[in-house]
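Asker: Before we start, here is the structure in question, set down as structure tokens.
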Amino acid sequence: MKKIAMLVAASAVIVAIGTACGGSGNGGSSNGGEATNAATATESAESPVAPQDDSTAAADAATITIENMAFGEPITVAPGAEVRVANNDSVEHSVTSQAEGMFDTHVDGQQKGTFTAPTQPGEYPFYCVYHPSMKGTLIVE
Numbered sequence: 030m031k032k033i034a035m036l037v038a039a040s041a042v043i044v045a046i047g048t049a050c051g052g053s054g055n056g057g058s059s060n061g062g063e064a065t066n067a068a069t070a071t072e073s074a075e076s077p078v079a080p081q082d083d084s085t086a087a088a089d090a091a092t093i094t095i096e097n098m099a100f101g102e103p104i105t106v107a108p109g110a111e112v113r114v115a116n117n118d119s120v121e122h123s124v125t126s127q128a129e130g131m132f133d134t135h136v137d138g139q140q141k142g143t144f145t146a147p148t149q150p151g152e153y154p155f156y157c158v159y160h161p162s163m164k165g166t167l168i169v170e
């Protein structure tokens with residue numbers, strides 16, 4: 030949001046400078062173009078910001094975080110969604126579905142990985158093949 034405010038302020042300065050330097054003759058049409066370009070630049074800058082914020086929120090909601098030899102709380106994702114795995118431990122872990130072949134992602138210590146959630150709604154228990162006592166649940170709905 031600070032970047033957008035800075036772009037708007039910078040655009041206002043550009044328009045003010047253009048108005049001051051434009052004179053009385055051709056300044057009107059030239060400044061109109063600068064104002065339009067400044068507005069377009071501001072609109073362009075705003076367009077990518079909102080989707081990035083939305084995708085970041087979605088990505089955060091679809092992340093299994095492994096920490097202290099545990100998966101944490103179950104997460105809920107849409108069918109076929111990309112699920113991120115953040116392994117904050119120093120050893121390798123896996124996110125392996127108990128139902129064979131649904132998903133099986135291995136992530137080295139301090140690394141990240143991804144997998145695609147099943148397309149059928151339901152609850153999918155998973156575990157770590159290296160540490161079978163580590164268990165979690167992926168909810169697809």
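Numbers 30 to 170, taken from the numbering used here, label the letters of the sequence shown in order.
Positions of the beta carbon are idealized from the N, C-alpha and C atoms, including for glycine.
Treat the numbers as computed from the prediction; the structure is a model and nothing was measured.
Which of the three DSSP states, helix, strand or coil, is assigned to Ser123?
Answerer: By one-based count along the sequence shown, residue 123 stands at place 94. Reduced to three states, the DSSP call for Ser123 is strand.
Asker: In three-state terms, what does DSSP make of Phe132?
Answerer: Start at 1 with the first residue of the sequence shown, and residue 132 comes out as number 103. Secondary structure at Phe132: coil, using DSSP grouped into helix, strand and coil.
Asker: Have a look at the DSSP bridge pairing and note the partners of Ala107.
Answerer: By 1-based counting over the sequence shown, the position of residue 107 is 78. BP columns for Ala107 are empty, so no partner.
Asker: With DSSP run on the structure shown, which of helix, strand or coil describes Asn60?
Answerer: The residue labelled residue 60 in the question sits at position 31 within the sequence shown. Low confidence applies to Asn60: its pLDDT is 43, below 50, so where it sits in the model is not reliable enough to give any reading.
Asker: Helix, strand or coil for Tyr156 per DSSP?
Answerer: Against the sequence shown, residue 156 aligns to sequence position 127. Looking at Tyr156 - three-state DSSP - the assignment turns out to be strand.
Asker: In whole angstroms, what is the alpha-carbon distance linking Asn116 and Val136?
Answerer: Taking the first residue of the sequence shown as 1, we reach residue 116 at position 87. Taking the first residue of the sequence shown as 1, we reach residue 136 at position 107. Taking the straight line from one Cα to the other gives about 7 Å.
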